[in-house]
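In what follows, a single structure is set out as structure tokens and then discussed.
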Amino acid sequence: MKNIKRFFSSLVIASAMVLSTIGINVAYAYPTEPIQLVVPFKPGGGADRTFRLFAPYLSEELGVPVNVVNIAGGGGWVAWAQAVKWDAEKDDHKLQVVNLPHVLSMLDPRMKRTETLEDFNFLAWHSLDPCIWAVREGDERFQSLAEFLDYVAKNPNEVIISSTAVGSDDHMGIAFAEKNIPDFKVRKIYANGDSKKIQEVLAGTSDAVAGNVGYYVPQFMEGKLRPIAVLSAERSPNLPSVPTFAEVTGLMNISYAGRTLATAPGLSEEKRTILLDAIKRALANPEYVMKEMNNKNPLMFKEGDELWATLRSSKAMVEKVKFWEMEE
Amino acid sequence: MDIVALNYLGNIFDVANLLAMLLGVLVGLIIGAIPGLSPPMAIALMIPVSFQFPPETALILLVSCFAAGIYGGSFSAILLRAPGTSASAASSIEGYEMTRRGKAIQAIRISTFASVVGGIISGFVLLILAPPLAQVALLFGPAEYFLVAILGLTAIASVSFGSVFKGLLSGAFGLLISTIGIDQYSGFPRFTFDFVGFEAGLGILPAIIGLFAFAQALELSEGEAKNTISGVQKLSWRIWPDLGEISRLRWSLIRGWSVGLVMGVIPAAGGSVAQWIAYAWEIRRAKPGDKFGEGEPKGLAATEGSNNGVTGTSLVPMFVLGIPGGISAAVIFGALMIHGLQPGLRLFKNSPEIIYTIMWGFIAANVIMGFFAIFLARIMAYLTVIPRGLIAPLIMIFSVIGTYAGTNNIYDVWIMIGFGVIGYLMMKTNFSTAGLLLGLILGPIAEDGMRDLLIVSNNAPVSYILTRPISLVLVVSIAFIIYISFKPQPWQEK
Chain A
1 MKNIKRFFSS LVIASAMVLS TIGINVAYAY PTEPIQLVVP FKPGGGADRT
51 FRLFAPYLSE ELGVPVNVVN IAGGGGWVAW AQAVKWDAEK DDHKLQVVNL
101 PHVLSMLDPR MKRTETLEDF NFLAWHSLDP CIWAVREGDE RFQSLAEFLD
151 YVAKNPNEVI ISSTAVGSDD HMGIAFAEKN IPDFKVRKIY ANGDSKKIQE
201 VLAGTSDAVA GNVGYYVPQF MEGKLRPIAV LSAERSPNLP SVPTFAEVTG
251 LMNISYAGRT LATAPGLSEE KRTILLDAIK RALANPEYVM KEMNNKNPLM
301 FKEGDELWAT LRSSKAMVEK VKFWEMEE
Chain B
329 MDIVALNYLG NIFDVANLLA MLLGVLVGLI IGAIPGLSPP MAIALMIPVS
379 FQFPPETALI LLVSCFAAGI YGGSFSAILL RAPGTSASAA SSIEGYEMTR
429 RGKAIQAIRI STFASVVGGI ISGFVLLILA PPLAQVALLF GPAEYFLVAI
479 LGLTAIASVS FGSVFKGLLS GAFGLLISTI GIDQYSGFPR FTFDFVGFEA
529 GLGILPAIIG LFAFAQALEL SEGEAKNTIS GVQKLSWRIW PDLGEISRLR
579 WSLIRGWSVG LVMGVIPAAG GSVAQWIAYA WEIRRAKPGD KFGEGEPKGL
629 AATEGSNNGV TGTSLVPMFV LGIPGGISAA VIFGALMIHG LQPGLRLFKN
679 SPEIIYTIMW GFIAANVIMG FFAIFLARIM AYLTVIPRGL IAPLIMIFSV
729 IGTYAGTNNI YDVWIMIGFG VIGYLMMKTN FSTAGLLLGL ILGPIAEDGM
779 RDLLIVSNNA PVSYILTRPI SLVLVVSIAF IIYISFKPQP WQEK
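Here you go:
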């Protein structure tokens, strides 16, 4: 009888000890299980590639495995609609990739989305690839943005530009020019990826292409295409000799493809800080930086107010261009 | 160029490269064979692994995975009418009919021979002709894409056995639902009914799994649970075709390979269209006694030859022009970049040791694939001796898991089941699921081509087409096919 009592009391003590260490773990050790890094597109795309590259470095910082999970569909919204509803306790081991300007399709009234930017718990900016305009190397009509704009003004509706679909960053830059330069009248053909655009401009189906620096650097190095303008506030370190749109025209035409990371809304400050610090350190890992340099994906870390300022200016740009009102 | 290439043949016997081929082939075969898990996914999963290796070894791993993935998709297509990849959808027609008639092993034999040899030929074309061949891709503009899509659509008349009218109706329905999703010319959500699952359009993969695998499982659920698919319980071990068999199929194989090689070069249109064009070509050349739609080996030889004939040449525009023609090529393109290699002609000049080693690796992987495949296929063939009562629910389970695993998108699962029910009803009423699928695949290519054509030609498409030689050839081919499609075939007269 005594033995049984002693057995139970020691059991109680033991379990209390075990429980208390778990308690300590919860308070001080986070993360305790693998992190899910949700990419809102199919495996194999640009975002997928970048975050599959990133995952091992983030894992090194956090001390737990980081698994890339693809939740594709709805132009990203199948995943994003879930991420804004994540629970701060249950979904505290999840990170969501949020792409700009894709997520701003929420502003298009035709999409009938109810989410706002503020619904996301943005942690950090991860990478930012500015838009560029390029023409064929050696095209006698234009080899610079000034010549290009001049030619377009003199020959309205003659020049054809290859762009990604309406609402994309590439289209936004063209829409901005259409809205702000009175005699900028061009024809546009759309694609859902850069392959088709490159094929069109190389073959002469179109005269110019709107794309992102990263994807087009190989074409520039090959000497097939020539960049005529970067659509950002400052020149791109990858293309230091190419002027910005603003330098030539005085118009701040800024458009880019950006990737940010968000976490569960309302996540505790401790956990948020642990995640943010790990992302920050992983983004500075020289080995990772080297790989993304090869991948031509320009990394850019931003947090807090700086992050939100960029998000809001991106939103303001889309609201100003109102691309959904421009097409018939 | 080919003499330069020869210098690097020895590199593939490097132990690391051989191991990369083995690993790539194994992963590709397995992931390809599971419906819903596609070759691009297999390649994407291999990317982090590939970083441990030097560039050429890494890329050999990925291209091996690609070749084997396309071929692996044929196993389940032939044995269960559950195509593992979109490139093997056409094979599921004759292939599965052969299985049902107890000829599963013969079907696999033909598929293996057609795929391995097709892959090797395609690899050599890539190795020897890549730079000049890439220029062909640049001859394809909006007019040509539109016309290639129309050419593909003419296949409907051939592949809808029974009623051409019902086949065309099925195709029209496929074209209609291919317009679902956000229109890239205006950003307008077309026919989405505010359902988020429709916003990005209907995926090809859920459609194929639904129309073929899930619908088939529904049909298998009818009848006696104890029966097997094929009615046979013993399988032969003759897993490589003999000369007589090859000789009987030689023209079908050659037609299949050539269609694959040519179509592979056309970015974005090649892979999924080639098999149907090859298959329709075969049916049009049918001789009395051929049993198309009822397990005709010629049809299978052509579709299997074409889908692996595509593999090598589909990498041509990617290596030479930096234009990846499909998702798999895009993933391989990305991997090249990450390893610091810029695709383009300079790659051939500056790093021939890498690029030619990769190409030789691709060819060698096809050989290895042949050895592996015949054994794996022989084991998988046991699936056909499992009673229907077990295999039907298993196919349904795999259809759901396969659809969900790739994208984690639950809406795709509902869409897949929807297609399954539609496919089942179509089978019961003699409508053509192949016609529907062709409409769905070719609809966007035709629509984008047409709309681009109208813009590029300033709303004068006819005069624009008249100035382009490839367009003219395509127009004549389409007219010719329509003419012979409405002439009764000898095998239809009986």
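Residue numbers (my numbering), protein chains in the order written: chain A, 1 to 328; chain B, 329 to 822. A virtual CB, placed ideally from N, CA and C, is assigned to each residue, including glycine.
Check: For residue 186 of chain A, three-class secondary structure by DSSP; Outcome: coil
Check: Enclosing beta strand (DSSP E) for residue 256 of chain A [first to last residue]; Outcome: 256 to 263
Check: The region 767 to 782 of chain B / the region 464 to 476 of chain B touching (three or more Cβ pairs under 8 Å); Outcome: yes
Check: Cβ pair residue 419 of chain B, residue 402 of chain B closer than 8 Å; Outcome: yes
Check: Chain-ordered residues of the region 219 to 233 of chain A with a beta carbon less than 9 Å from chain B; Outcome: 219, 221, 222, 223 and 224
Check: Range of the contiguous beta strand (DSSP E) that encloses residue 164 of chain A; Outcome: 160 to 164
Check: Continuous beta strand (DSSP E) stretch holding residue 123 of chain A: start and end; Outcome: 121 to 136
Check: From B/635, B/809 and B/663, residue whose alpha carbon lies closest to that of residue 647 of chain B; Outcome: B/663
Check: Cβ-Cβ separation, residue 675 of chain B to residue 683 of chain B (assumed contact under 8 Å), whole Å; Outcome: 6 Å
Check: Cβ-based burial, residue 707 of chain B [other Cβ within 10 Å; buried from 16]; Outcome: exposed
Check: Residue-level contact to chain B via CB, residue 26 of chain A, 8 Å cutoff; Outcome: Legend: pLDDT at residue 26 of chain A = 47, less than 50; position of this residue unreliable, value from coordinates given subsequently. It does not; no Cβ of chain B falls within 8 Å.
Check: Residues in the region 510 to 530 of chain B having any Cβ partner in chain A nearer than 7 Å; Outcome: 510, 512, 513, 514, 515, 516, 517, 522, 524, 525, 527 and 528
Check: Within the region 178 to 232 of chain A, ranges of the alpha helix (DSSP H) (whole runs, at least 4 residues); Outcome: 194 to 203 and 213 to 221
Check: Element boundaries [alpha helix (DSSP H), containing residue 463 of chain B]; Outcome: 432 to 465
Check: For residue 345 of chain B, the first and last residue of its enclosing beta strand (DSSP E); Outcome: That residue, residue 345 of chain B, is in no beta strand (DSSP E); its alpha helix (DSSP H) goes 343 to 361.
Check: Given residue 79 of chain A as reference, the closest of A/283, A/263, A/228 and A/277 once Cα atoms are compared; Outcome: A/263
Check: Interface flag, residue 42 of chain A vs chain B, CB-CB below 8 Å; Outcome: yes
Check: Length-filtered (3 minimum) beta strand (DSSP E) runs lying within the region 31 to 83 of chain A; Outcome: 35 to 39 and 66 to 70
Check: Alpha helix (DSSP H) segments (min. 4 residues) lying fully within the region 365 to 395 of chain B; Outcome: 367 to 378
Check: Range of the contiguous beta strand (DSSP E) that encloses residue 300 of chain A; Outcome: 299 to 302
Check: Test: residue 320 of chain A CB closer than 8 Å to a CB of chain B; Outcome: no
Check: Alpha-carbon spacing of residue 698 of chain B relative to residue 567 of chain B, whole angstroms; Outcome: 10 Å
Check: Strand pairing of residue 154 of chain A, partner residues [DSSP]; Outcome: Per DSSP, none; premise fails for residue 154 of chain A.
Check: Residue 193 of chain A versus residue 726 of chain B - alpha carbon distance; Outcome: 31 Å
Check: Endpoints, beta strand (DSSP E) assigned at residue 94 of chain A; Outcome: 94 to 100
Check: Chain A contact for residue 466 of chain B (CB, 8 Å cutoff); Outcome: yes
Check: One or two residues paired with residue 517 of chain B in a DSSP bridge; Outcome: B/510
Check: Against chain A: residues of the region 778 to 809 of chain B by CB proximity under 9 Å; Outcome: 779, 780, 783, 784 and 786
Check: Local Cβ density within 10 Å of residue 23 of chain A, reported as buried at 16 or more and exposed below that; Outcome: Bear in mind that the predicted position of residue 23 of chain A carries a pLDDT of just 45, short of 50, making it too unreliable to give a figure here.
Check: Simplified DSSP state of residue 671 of chain B, which is helix, strand or coil; Outcome: coil
Check: Within 8 Å, strictly: CB atoms of residue 213 of chain A and residue 230 of chain A; Outcome: yes
Check: Chain-ordered chain B contacts of residue 196 of chain A [CB-CB under 7 Å]; Outcome: 596
Check: Residue 259 of chain A at chain B interface by Cβ criterion, 8 Å; Outcome: no
Check: C-beta neighbour in chain B for residue 331 of chain A, strict 8 Å; Outcome: Since the displayed chain A opens at 1 and closes at 328, residue 331 of chain A lies outside it and no answer follows.
Check: Touch test, the region 474 to 494 of chain B against the region 804 to 818 of chain B, Cβ-Cβ under 8 Å, three pairs minimum; Outcome: yes
Check: Proximal residues of chain D, C-beta to C-beta of residue 672 of chain B below 7 Å; Outcome: The chain labelled as chain D is not found among the protein chains of the depicted structure, namely A and B.
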